[in-house]
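What follows is a single structure, written as structure tokens, with notes after it.
Residue numbers (my numbering), protein chains in the order written: chain A, 0 to 283; chain B, 17 to 234.
Structure (structure tokens):
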């Protein structure tokens, strides 16, 4: 069953547009949503949550159309834009007291168990929480109302390496039972190397690729060669950088001929992101 | 809707603003003053502060994330403001009763705080609501222009009403003269004011909802 099914989302702004954004997330998996700043990650997430008026496309969550079943589905979605950034001078306790009334499946026991697990003291004010703790607090809220799909916009940005690692471990634990699915956007690709099952890559409002992580990386090759070799493959490269030894460039695996003698390696997610951004820059 | 209302009262509205009616209402005890001003303090102090608070605390995004509908969001927010408005006028009315007994021989140049005057206050607040909410819900965060326009409209009404009250001997008689002792006249002016208040707030709600539906949450 699909936890999230995004089809042909289109949203046109004067200076930016989401074009035909489609991807699917299977229930029980983690999908990393990557793209540079301004690539359209947050716009896509806001479109999924029905916060923007779409110019086209459809979002289905847990099999239901989001536009038609917004209220019902919001009971089953937990989301966080960074950490909690609302009523920061209020205590967590006060905020939770207000929020829990909105959720029919709210469970106090679950809430307190997550608070103790995340080492959160509910008498603290939001403003006193570190960035990592704010993310954990929003996770505790989402999980206590029984969210089946977590949509997190850059939950790891601004966290130190230890807190990030900790959070990624939590993500992986959450999906183990196959009930909860997570979509999280980030520009920190190492997070995804650690915990994502699927990768969706957005660049300039278009989905470049959405697939299983290893398959995603295997579908590209990072080439390393001399300037002569560059001329052989230049037309087929996504983009390249010249250096004193020759060049490095990214190519789609199907466009690469292994018998050409050019050194090829599997790129990291970061390298894929960088070379695509370079291609976009060259076209502008 | 009830949950949203409680959310605003618990998180968004500082308890100070619930005490304010008691403090500002006491201005009714100033003898022979322009009593429209007592109600206007609500527009000048409470409203800007409350709206600034909602914006500073990122309330729009917070509320949108929860399972609530846009019409309910508008209904709850307007209810909070209407509750405060009624609290302000109600407390001022009670103070007004004391004013009339405290200074029995005072000659009122401006409207005296009889029931009919409160009808005019309800109309003033009705005009305020009619401008404030529909303009505010074009964006759901820009409260400045909406407030300025709404305050200006309410002030224009108060100035004209008070001017007519002084210039026209008929109106003056109705509110301060012999009409002041006629309970039927006073009550019907108040009732008319309340009807206008309810009708215009309801119209403001309908327009606000239609406009808010078009707002994209940023």
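Positions of the beta carbon are idealized from the N, C-alpha and C atoms, including for glycine.
All figures in this text were calculated on a predicted structure; none of them were measured in a lab.
_Alpha-carbon spacing of residue 259 of chain A relative to residue 229 of chain A, whole angstroms_ = Against the first chain, residue 259 of chain A aligns to sequence position 260. Against the first chain, residue 229 of chain A aligns to sequence position 230. Their backbone Cα atoms lie some 11 Å apart in a straight line.
_Tell me which residues of the segment 72 to 105 of chain B have at least one Cβ-Cβ distance to chain A shorter than 8 Å, keeping chain order._
73, 74, 75, 77, 78, 80, 81, 82, 83, 84 and 85
*asked:* As an exercise, report each continuous alpha helix (DSSP H) stretch of at least 4 residues that is fully enclosed by the segment 60 to 118 of chain B, in chain order.
replied: 63 to 72, 75 to 81 and 86 to 118
*How is the alpha helix (DSSP H) around residue 231 of chain B delimited, first residue to last?*
What you label residue 231 of chain B is simply residue 215 of the second chain in a count that begins at 1. Run containing residue 231 of chain B: none; DSSP gives neither H nor E here.
_DSSP three-state assignment for residue 35 of chain A, whether helix, strand or coil_ = Within the first chain, numbered from 1, the residue matching residue 35 of chain A stands at position 36. Assignment of residue 35 of chain A by DSSP, reduced to helix, strand and coil, places it in the coil class.
_I'd like to check one pair, residue 188 of chain A with residue 221 of chain A: are the Cβ atoms closer than 9 Å?_
Here residue 221 of chain A is taken as the residue at index 222 of the first chain, counted from 1. Here residue 188 of chain A is taken as the residue at index 189 of the first chain, counted from 1. No. Outside cutoff.
*Could you tell me how far apart the beta carbons of residue 233 of chain B and residue 80 of chain B are, in whole angstroms, since I believe they sit closer than 8 Å?*
Residue 233 of chain B sits at position 217 when you count from the first residue of the second chain. Residue 80 of chain B sits at position 64 when you count from the first residue of the second chain. Correct: roughly 5 Å between the Cβ atoms.
*asked:* Just checking: is the beta-carbon of residue 28 of chain B within a distance shorter than 9 Å of some beta-carbon in chain A?
replied: As a first step, residue 28 of chain B must be located in the second chain, where it is residue number 12. So, interface residue.
_Beta-carbon contacts of residue 88 of chain A that lie in its chain and below 8 Å, excluding the five residues immediately before and after_ = Along the first chain, read from residue 1 onward, the residue named residue 88 of chain A stands at position 89. Only 124, 125 and 126 meet the Cβ criterion.
*Based on Cα-Cα distance, which residue from B/34, B/224 and B/19 lies nearest to residue 151 of chain B?*
Indexing the second chain from 1 puts residue 151 of chain B at position 135. Closest by alpha carbon: B/224.
*asked:* Using only CA atoms, which one of B/144, B/95, B/125 and B/201 lies nearest to residue 165 of chain B?
replied: Position 149 of the second chain, counted from the start, is the residue given in the question as residue 165 of chain B. When B/144, B/95, B/125 and B/201 are compared, the shortest CA-CA separation from residue 165 of chain B is found for B/144.
*Around the C-beta of residue 202 of chain B, are 16 or more other C-beta atoms found within 10 angstroms, so that it is buried, or is it exposed?*
Translated into positions along the second chain, residue 202 of chain B becomes position 186. Residue 202 of chain B comes out buried.
*asked:* Just to make sure I have the definition right: I need the residues of chain B whose C-beta is within less than 7 Å of the C-beta of residue 300 of chain A. Which are they?
replied: Given a span of 0 to 283 for chain A in the structure shown, any question on residue 300 of chain A remains unanswerable.
*Measuring CA to CA, which of A/95, A/270 and A/40 is closest to residue 206 of chain A?*
As a first step, residue 206 of chain A must be located in the first chain, where it is residue number 207. Ranking the options by Cα distance to residue 206 of chain A, first place goes to A/40.
_Let me check one thing: in DSSP terms, what residues is residue 29 of chain A bridge-paired to?_
Start at 1 with the first residue of the first chain, and residue 29 of chain A comes out as number 30. As a beta-bridge residue in DSSP terms, residue 29 of chain A pairs with A/181.
*Just curious, the alpha helix (DSSP H) that residue 174 of chain A is in, first and last residue?*
Here residue 174 of chain A is taken as the residue at index 175 of the first chain, counted from 1. Per DSSP, residue 174 of chain A is one residue of the alpha helix (DSSP H) stretching across 160 to 174.
*Tell me the start and end of each unbroken alpha helix (DSSP H) in the segment 189 to 273 of chain A that is at least 4 residues and wholly inside, in chain order.*
212 to 217 and 226 to 232
*Would you grab the beta carbon distance between residue 121 of chain A and residue 91 of chain A for me? Rounded to a whole angstrom, and I think it's under 8 Å.*
The count along the first chain starts at 1 and reaches residue 121 of chain A at position 122. The count along the first chain starts at 1 and reaches residue 91 of chain A at position 92. Indeed they touch by this definition, with Cβ atoms about 5 Å apart.
*asked:* I need the boundaries of the beta strand (DSSP E) containing residue 169 of chain B, first residue and last residue.
replied: Indexing the second chain from 1 puts residue 169 of chain B at position 153. That residue, residue 169 of chain B, is in no beta strand (DSSP E); its alpha helix (DSSP H) goes 160 to 183.
*asked:* Give me the chain B residues within the contact set of residue 89 of chain A, using Cβ-Cβ distance strictly less than 8 Å, ordered along the chain.
replied: As a position in the first chain, residue 89 of chain A is number 90, starting the count at 1. Those are 27, listed as they occur along chain B.
*Which same chain residues, not among the five before or five after residue 44 of chain B, have their C-beta less than 8 Å away from its C-beta?*
The residue given as residue 44 of chain B occupies position 28 in the second chain. Counting only Cβ-Cβ distances below 8 Å, and skipping sequence neighbours, we find 51, 54, 108, 111, 112, 114, 115 and 129.
_Sequence-distant residues of the same chain with beta carbon closer than 7 Å to residue 162 of chain A, five excluded per side_ = In the first chain, the residue the question calls residue 162 of chain A occupies position 163. Cβ neighbours of residue 162 of chain A beyond the five flanking positions: 131.
*Closer than 9 Å at the beta carbon, the chain B residues around residue 78 of chain A*: Numbered from its first residue, the first chain carries residue 78 of chain A at position 79. Here the neighbours are 81.
*Using a Cβ-Cβ cut-off of 8 Å (strictly less than) and excluding sequence neighbours within five positions of residue 210 of chain B, which residues of its own chain qualify?*
Numbered from its first residue, the second chain carries residue 210 of chain B at position 194. Taken in chain order, the residues that qualify are 135 and 138.
*Backbone CA spacing between residue 138 of chain A and residue 61 of chain B [nearest angstrom]*: Position 139 of the first chain, counting from 1, holds the residue named residue 138 of chain A. Position 45 of the second chain, counting from 1, holds the residue named residue 61 of chain B. C-alpha separation (whole angstroms): 38 Å.
*Could you tell me which residues DSSP pairs with residue 90 of chain A in its beta bridges?*
To locate residue 90 of chain A, count along the first chain from 1; it is residue 91. DSSP, once it has assigned bridges, lists A/124 as partnering residue 90 of chain A.
*Do the CB positions of residue 17 of chain B and residue 86 of chain B come within less than 9 Å of each other?*
By 1-based counting over the second chain, the position of residue 17 of chain B is 1. By 1-based counting over the second chain, the position of residue 86 of chain B is 70. No, the pair does not count as a contact, with Cβ atoms beyond the cut-off.
*asked:* Let me check one thing: in DSSP terms, what residues is residue 148 of chain A bridge-paired to?
replied: As a position in the first chain, residue 148 of chain A is number 149, starting the count at 1. Residue 148 of chain A is bridged to A/76 and A/180.
*Beta-carbon separation of residue 86 of chain A and residue 143 of chain A under 9 Å?*
Translated into positions along the first chain, residue 86 of chain A becomes position 87. Translated into positions along the first chain, residue 143 of chain A becomes position 144. No; because the gap between Cβ atoms is not below 9 Å, this pair is not in contact.
*Let me know the secondary structure DSSP gives residue 156 of chain A once reduced to three states.*
As a working mapping, residue 156 of chain A is identified with position 157 in the first chain. Coil.
_Could you give the first and the last residue of the continuous beta strand (DSSP E) run that contains residue 9 of chain A?_
The sequence position of residue 9 of chain A within the first chain is 10, counting from 1. That run of the beta strand (DSSP E) goes 1 to 11.
*Report yes if the CB atom of residue 64 of chain B is closer than 9 Å to the CB atom of residue 183 of chain B, and no otherwise.*
Reading the second chain from its first residue, position 48 is the one you call residue 64 of chain B. Reading the second chain from its first residue, position 167 is the one you call residue 183 of chain B. Taking 9 Å as the Cβ cut-off, residue 64 of chain B and residue 183 of chain B do not qualify as a contacting pair.
*With 8 Å as the limit, tell me which residues of the segment 187 to 219 of chain A have their beta carbon closer than that to any beta carbon of chain B; keep them in chain order.*
none
*Would residue 300 of chain A count as contacting chain B if we go by Cβ distances under 9 Å?*
In the structure as shown, chain A begins at 0 and stops at 283. Residue 300 of chain A is therefore absent and cannot be evaluated.
_CB contact flag (residue 11 of chain A, residue 79 of chain A, <9 Å)_ = Numbered from its first residue, the first chain carries residue 11 of chain A at position 12. Numbered from its first residue, the first chain carries residue 79 of chain A at position 80. No, these two residues do not count as a Cβ contact at 9 Å.
*Considering only residues of the segment 125 to 158 of chain B, which uninterrupted alpha helix (DSSP H) runs meet the minimum length of 4 residues and lie entirely inside it, listed in chain order?*
131 to 152
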